[in-house]
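Okay, so here's the structure we're looking at.
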Amino acid sequence: MDTTLVAPPAGAGELVVPGRRRRRPRNRVWRALGYLAMLVAAAALLLPFYWMVMSSLKTNNEVFTIPIKWVPDSAVWHNYLDIWQKSQMTTWLRNTLILSVAVTALQVLTGSFAAYGFAKVRFPGRDLLFLGYIGTIAVPWQSYMIPQFILMSKMHLSNTLWSIIFLQAFGAFGVFLMKQYYESIPDELLEAARIDGLSEYGIYRRIMLPLSVPAIASLTLLTFVTTWNDYLGPLIYLRSPDLRTIQLGLSTFIAQYNAEYALIMTGSVLSVLPIAVIFLLGQRYFLEGIATTGLKG
Amino acid sequence: MKRSIPTVIGLAAAASLLAAGCGGGSSSDSDSASGPVTLTLAGWSLSTTPEFKTLADGFHATHPDVTVEVKEYDAANYDTQITADLAAGSAPDIYAQKTLKNLYTYATGGQLMDVSDVAKKLGNSVGGLDAYQVDGKTYAIPYRQDSWVLFYNKELFDKAKVAYPDGSWTWDDYVTAAKQLTDGLKAAGSKAVGTYQHVWQSTVQGFALAQTPGAKLTSGDFSYLKPYYERSLDLQNAGAQPSLGTATTNKLTYQAQFGKQQAAMLPMGTWYIATLLAQRESGDADKFDWGIAPAPQFDKSTTGTSNTPVTFGDPTGFGINTAIKKSKISAAKEFLAYAAGPEGAKALAGIGITPADTAAVTDTFFALDGMPTDELSKFAFAKHDTKPENPVSKYTAGLQNILNDAHTAILSGSKSIDSALGEAQNRAKNEVLNQ
Amino acid sequence: MTTLPGVRRRRSRLVWRNTVVGWTFILPNFAGFAALTLVPVVVLFYVAFTNWNVFGVADWTGLANFRRMIHDASFRTALQNTVYYTVLHIPLTLAASLGLALLLNRKLRGLGFFRTAAFFPYITSIVALTYVWNLLFSPEYGPINGFLRAIGIAHPPGWTTSADWSMPAVIIVGTWREMGYYMLLYLAGLQTIPAELYEAARVDGANAWQRFRSVTLPGLRPTTFLVAVLLTIGSFKVFDVILLLTNGGPGQSTLVLSQFIYQKGFVENQFGYASAVSIVLFAICFLVTAIQFLVNKRRNA
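Those sequence lines, one after another, are chains A, B and C. The first sequence begins at 1 in the numbering used here and counts up by one. The second sequence begins at 1001 in the numbering used here and counts up by one. The third sequence begins at 2001 in the numbering used here and counts up by one.
Structure below.
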């Protein structure tokens, strides 16, 4: 549409303004509405978290008052020091970090590798096998938790961090996610590479991996968060107090000190912060990355 | 076709291990003869539940060649974790029975040793032994027997100008007092209410089952619950007691409600005594004049200090894992006997725990700092006919589940008492009792 | 089709090569998966036909567990509640997450902040957030009802304390929590749509809505399929939100299949029966997923 002097059709109700300025007032209104919508959405999404942060700075009595208190009378910053002494937060953080990093690395590597096989290599029985993978996602974990636990115990893995790593690292979810993204990469690119003499492994390394950065980044983030927040797994597999993760540690803390509401909130806030920071800093890279430029031209 | 699931899994595991090139199979344990023995004991929340360490250390003092190593489990999910470990064969030698209703499963599943010989040697004053019997054999030995009593705040009673409980109360007297307290406290400018009944199903159902003559859980007839729920709803509607909805969503804790003087009365188990004493010291509870009275009774026939009040409570005991090494069995049995006997009882009373043998320790118990000194409190602690909340049977776990749903339905106002109990009775008949 | 023997041999050699290559790609993940997930799942299928109580011996009981399920009123309740949750949760979450992704896919000031805000509910510990939501939903003193009373609703709902409103409360919390997660998947999917397609459409005179329908939606098809499948399975299997928020209550108003399985298995130690119910849940999920698969395949063809 050109933006030269053109009179708008009668009855449009717009000012006749020369040049590009004809578009601006409408755009600005939409933009403002968009911002408003986002602010309302952000407020709704963050409200519970706001209450958590405020409560982490209260004294215990102020947390569950009737009616609800939105701001503490005087901020008890000391809670953020006390939590390290009263609970074993450092141990929990360390364990959770080890698990999250290990599981994420393994899931992304093996998952994307397998996804390429499922997406771009044609071999008999492929689709049936893939359906089997997806099928296990449909089985609720509580159901086969016990046979799985017995299996791990017989391999002498229970009550070690390895149990959680092996448990989560070979899931079907990563394969599923990566396969869907690989399907959006056109086959012609691969055919061209094959004609050029690249092996399948070469194609995977030189073409698929660089192109799928947003998907890999998403998988990394989601796996990291899922492992970070996993509650049932550590509950069933870990016994020693020095193996506890944040979720398990928080839950035992709540059971032991169930009236220490403020500290519980402090612990909860601390458990979210690392991921929030990682996400805030990296979200643009996660989501946009270099892939879009690779597909142009 | 009988198949042991662990065997099936073991075969599968062996196959996969073989494929992975590792060696499988466990080495057989050699029977060690005499010499120092280490027993493993499963407990929970060690830093706030000192009873396990106390018993472990006390036993070691009298049996120097036996060390008891306490393994910590998660208090809120103890049974889930123990079940998982037992299924995998890695549970400790001795494990505490935290919830009575699971005893049946452990016993019939072959996870508890028959300890009837230990039970025979214990005196009559050890309460709760019958609760651990299945088919005439005893499978665990109680080391503590809590009962439900009525805690009350003397200072709030004074403020509201209501007479203290004197041991002669029935439930109607209790309701009247709660309402009087609420009105009196409001007039005196206090925000406290008359009573706090915690959200658990046991708060209402435990009393109903124990006190109603002829009431039987496994009969599937739950009409004995009706008068008790009518009273609870009455208290909620009168504002003398926070509603179940408020208590659940605001996560009210009974320790804070009574300890911080938000309620003048609290029906609760005697385990709360140790917590209250500790919290008074740490400042998590206020320091005020308090006492315990016998629980309100069904009718006048069991009230008064010349009768024995009827109340409920489940024992907590230790059981021996059937997978224990043969050479350790006698040491384990001695530990069980110690924990239930007079020495164990004294050690427990010293930290404020209600042992299974209360007669031996009333004086020790009441000599603790912060305990009430009046005669009624001592009477309430020492004399009671305590019936189990969870009578042992294979239906108990399923029935309690159904009754818990009825409990939340009634007290949240979602269903009337008659329709909730009627539905519970139907479900009991169709889902549990026909198995 | 008749082919020369040389060509046939070459084709079978190609198939063989592809099989080897395909399996080497799959193997690292599949080995772990088979050992740690497939084996226990197979055992689960076996246990469903027994009366295993988790300790020791399991007697084969054939179809007894399934017959019991048919007459079990609680099972029917759990099934109804699960469908209730799924039918509302899926479209709400899909719409919300797609909307968020579209809203946050442009150059705006503070974009990073808004995206992080959307993702916050998912990364917060579920133990903590169900704690907080219960408080917000408190019927007498919570702010939600306070707000409703302020705008004139005299008798606001009881939310988690009322049998009628507990499921809507759970759906609200579930959707709130998962929007950010699926928004992320949609955002990554939006990046794969080349900008030239939008340009071309604009040049052709399409307005925003038409561009959405002819460029965005088709380009998002693989992502929508992924989201739909995951969302469906996740909704049928919903567990931890319910366990921590309402524990199936009040009464049985929020009892869902996963929780029914957990109760029967871990609380009442009837693992055989719990396994049988798991198989039914699995069958439902699988059926729905298979249908989605077929629809997707037909669309792609």
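Where a beta carbon is used, it is the ideal one built from N, C-alpha and C, also for glycine. On a predicted model such as this, the values are computed, not experimentally measured, just so you know.
Given a cut-off of 7 Å on the beta-carbon distance, is the pair residue i and residue j in contact?
i                      : j                      : result
residue 1194 (chain B) : residue 1240 (chain B) : yes
residue 2240 (chain C) : residue 2126 (chain C) : yes
residue 1149 (chain B) : residue 1353 (chain B) : no
residue 1196 (chain B) : residue 1266 (chain B) : yes
residue 1203 (chain B) : residue 1296 (chain B) : no
residue 2278 (chain C) : residue 2261 (chain C) : yes
residue 1249 (chain B) : residue 1199 (chain B) : no
residue 1107 (chain B) : residue 1042 (chain B) : no
residue 133 (chain A)  : residue 208 (chain A)  : no
residue 1168 (chain B) : residue 1304 (chain B) : yes
residue 1140 (chain B) : residue 1162 (chain B) : no
residue 2120 (chain C) : residue 49 (chain A)   : yes
residue 99 (chain A)   : residue 227 (chain A)  : yes
residue 2093 (chain C) : residue 2231 (chain C) : yes
residue 1101 (chain B) : residue 1397 (chain B) : yes
Looking only at C-alpha atoms, which of the options sits nearest to residue i?
i                      : options                        : result
residue 1288 (chain B) : B:1280, B:1294, B:1295         : B:1280
residue 73 (chain A)   : A:57, A:88, A:127              : A:57
residue 1091 (chain B) : B:1417, B:1322, B:1401         : B:1322
residue 1394 (chain B) : B:1061, B:1134, B:1184         : B:1134
residue 1221 (chain B) : B:1434, B:1424, B:1098         : B:1424
residue 1964 (chain C) : C:2229, C:2196, C:2228         : What the structure shows of chain C is the stretch from 2001 to 2301, and residue 1964 (chain C) is not part of that stretch, so it cannot be assessed.
residue 1130 (chain B) : B:1430, B:1070, B:1387, B:1298 : B:1387
residue 1278 (chain B) : B:1301, B:1371, B:1319, B:1211 : B:1371
residue 2128 (chain C) : A:251, A:277, A:167            : A:251
Hey, could you find the ends of the beta strand (DSSP E) residue i is sitting in?
i                      : result
residue 1143 (chain B) : 1141-1145
residue 1431 (chain B) : Neither: residue 1431 (chain B) is in no beta strand (DSSP E) and is coded neither H nor E.
residue 227 (chain A)  : Where residue 227 (chain A) is concerned, there is no enclosing beta strand (DSSP E), although the alpha helix (DSSP H) it sits in stretches over 213-228.
residue 2059 (chain C) : 2057-2059
residue 1316 (chain B) : 1315-1320
residue 1269 (chain B) : 1263-1269
Looking at the unbroken alpha helix (DSSP H) that takes in residue i, where does it start and where does it end?
i                      : result
residue 2232 (chain C) : 2221-2236
residue 2208 (chain C) : 2208-2211
residue 1364 (chain B) : 1362-1366
residue 92 (chain A)   : 89-120
Does the beta carbon of residue i sit closer than 7 Å to a beta carbon anywhere in chain A?
i                      : result
residue 1048 (chain B) : yes
residue 2184 (chain C) : yes
residue 2149 (chain C) : no
residue 1045 (chain B) : yes
residue 2062 (chain C) : no
residue 1155 (chain B) : no
residue 1074 (chain B) : yes
Closest Cβ-Cβ distance between residue i and chain B: below 7 Å?
i                      : result
residue 169 (chain A)  : no
residue 252 (chain A)  : yes
residue 2266 (chain C) : yes
residue 2072 (chain C) : yes
residue 2139 (chain C) : yes
Looking only at its own chain, which residues have a Cβ that is under 6 Å from the Cβ of residue i, when we skip the five neighbours before and after it?
i                      : result
residue 2130 (chain C) : 2244, 2245
residue 1416 (chain B) : none
Got a sec? Which residues, its chain only, sit under 7 Å from residue i by beta carbon, not counting five neighbours each side?
i                      : result
residue 2233 (chain C) : 2285, 2289
residue 59 (chain A)   : 76, 262
Would you say residue i lies against chain C (beta-carbon separation less than 7 Å)?
i                      : result
residue 1030 (chain B) : Interpretation of residue 1030 (chain B) is limited by its pLDDT of 43, a score under 50 that renders its predicted location unreliable; the figure taken from the coordinates is listed afterwards. No, residue 1030 (chain B) does not count as interfacial toward chain C.
residue 76 (chain A)   : no
residue 238 (chain A)  : no
residue 183 (chain A)  : yes
residue 180 (chain A)  : yes
residue 53 (chain A)   : no
residue 1389 (chain B) : no
Only counting the same chain, and skipping five residues up and downstream in sequence, which positions put a Cβ closer than 8 Å to that of residue i?
i                      : result
residue 1331 (chain B) : 1037, 1039, 1063, 1066
residue 2144 (chain C) : 2136, 2137, 2156, 2159
Can you tell me whether residue i sits near the ligand COA, meaning its C-beta is under 6 Å from at least one heavy atom of the ligand?
i                      : result
residue 1145 (chain B) : Although the ligand COA was asked about, the structure shown includes no ligands whatsoever.
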